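Numbers 191 to 381, taken from our numbering, label the letters of the sequence shown in order. By construction, the Cβ of each residue, glycine as well, lies at the ideal position given by its N, Cα and C atoms. Every value quoted in this text rests on a predicted model; they were computed, and no experiment measured them.
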Amino acid sequence: MEEILWEVQYLSPPKTIRYCKKCGMKTEHVSSGLFRVNAQQKSLDIWLIYRCASCKSTWNLTIYSRINPKSIGQTLLNQFMNNDSELAQRYAMDTELLKRSGAEIEAPSYSIIGEIIDFTKDVELKIVSKYSEKVKVSKILQEKLSLTKKVFDEMVSSGVIRLENGADIHKCKLQHDIAVLISGATSILKM
C-alpha cells in the first residue's frame, strides 16, 4: 500500500466579524498579532488584540482571565510577553475561541499540498493540518481529487474511499490529522 501525505495549509486566519461600537455596525476585525498582558495582584489577564478593518478601533479577544501565572508556565508567559507571532497565529486560527467570544466566523481559504493519487494503486492517505479548522474531509478530498459529488459518493458507498477509523466520511471534519484508505477505484472513474 502506497502512503501519501497531504497538508492543508491555511492562507489566512478566518474572517472575524464583530459589532464595532465606533462604526455602529458589524465589521471585520483583524488580528494585530499582539498580546496584551495585564497583571492584577497575583493573577493575569491575557488578550489577543484585534482591530476593526474600517476604523482601526481595538477589540481584545480574551485568552486567559484571572489566572495564576504559574499555571501557564514561564515559557508560555514569555511568548505572550514577547508577542510570539506563531502563538498569535495559533490563537487567531482558533475558531472555537472566537465563536465563544461572540464573533461570527467565515472559514479561511486554504490550499492542499501533496501529490496526486494514482487510483490504480491502494493508497493510505494521511491528511494533516497545523490548525484545527474543522473543514469537512469530504470537501478536501473532492477538491484535491477533482471529483464531482456524485462520483465521490459512489466511491464512498462502494468502499473505494473510506476512513481508517470507520467514521462517516461525509460528517467527519479534519482536526489535526486523519487517515483515508483508497483502493481499486479505476472501475468507478471510467463511468
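Residue i and residue j closer than 9 angstroms at C-beta
i: Leu-224; j: Leu-234; result: no
i: Thr-206; j: Tyr-240; result: yes
i: Leu-277; j: Gln-264; result: no
i: Ile-351; j: Leu-364; result: no
i: Glu-193; j: Val-313; result: yes
i: Ile-330; j: Ile-302; result: yes
i: Cys-362; j: Ser-328; result: yes
Coil, strand or helix - residue i by DSSP
i: Ile-330; result: helix
i: Met-345; result: helix
i: Thr-285; result: helix
i: Ser-275; result: helix
i: Ser-261; result: helix
i: Lys-212; result: coil
Where the alpha helix (DSSP H) through residue i begins and ends
i: Thr-265; result: 264–271
Residue range of the unbroken beta strand (DSSP E) whose run includes residue i
i: Cys-242; result: 233–242
i: Ala-357; result: Looking at the DSSP string, Ala-357 is not in any beta strand (DSSP E), and its letter there is neither H nor E.
i: Leu-371; result: 367–372
Note to self: In chain order, what are the residue ranges of uninterrupted beta strand (DSSP E) at least 3 long that sit wholly in the stretch 277–321?
What the structure shows: 294–296, 300–303 and 313–319
Item checked: Given 8 angstroms, three or more beta-carbon pairs between the stretch 193–204 and the stretch 292–311 -> yes
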